[in-house]
Amino acid sequence: MTTQFNFQINPSHARKAWERVTPIQRHFANLTDAVALAKRTAKIYKAEVRLTNGSDAYKCSGGYFHHRSI
-10 MTTQFNFQIN
0 PSHARKAWER
10 VTPIQRHFAN
20 LTDAVALAKR
30 TAKIYKAEVR
40 LTNGSDAYKC
50 SGGYFHHRSI
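In my numbering, the protein residues as written are -10 to 59.
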């Protein structure tokens, strides 16, 4: 069984409102794998990554991962 996770990548050099950032949808078996990908993405792209689960990324609360805090 997999769960849909939404990733929104907001670069540090060109910040936008989260409502304007297009979500990328991926399916994972567990939250641990999704968090690991969010942390890696934030570090590689020097960005803030918002991770939510469910079908609508804009209406869910989620976790935020920033490249400076990893």
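The beta-carbon is built from N, C-alpha and C at its ideal position, and this holds for glycine as well.
Ignore the nearest five residues each way along the sequence and tell me which others in residue i's own chain have a CB closer than 7 Å to its CB.
{"i": "Y47", "result": "E8"}
{"i": "Q14", "result": "Q(-7), N(-5)"}
{"i": "A23", "result": "F(-6), F17, L40"}
Leaving out five residues on either side along the sequence, give the residues of the same chain with a beta carbon under 8 Å from the beta carbon of residue i.
{"i": "A27", "result": "F(-4), V38, L40, G52, F54"}
{"i": "P12", "result": "N(-5), F(-4), Q(-3), T41, A46, Y47"}
{"i": "H2", "result": "K35"}
Run through the DSSP bridge pairs and tell me what residue i is partnered with.
{"i": "A27", "result": "For A27, which the question treats as bridged, DSSP gives no partner whatsoever."}
{"i": "T(-8)", "result": "F17"}
{"i": "H55", "result": "E37"}
Under the rule that 16 or more other beta-carbon atoms within 10 Å means buried, what is residue i, buried or exposed?
{"i": "N(-1)", "result": "buried"}
{"i": "A6", "result": "exposed"}
{"i": "A36", "result": "buried"}
{"i": "A25", "result": "exposed"}
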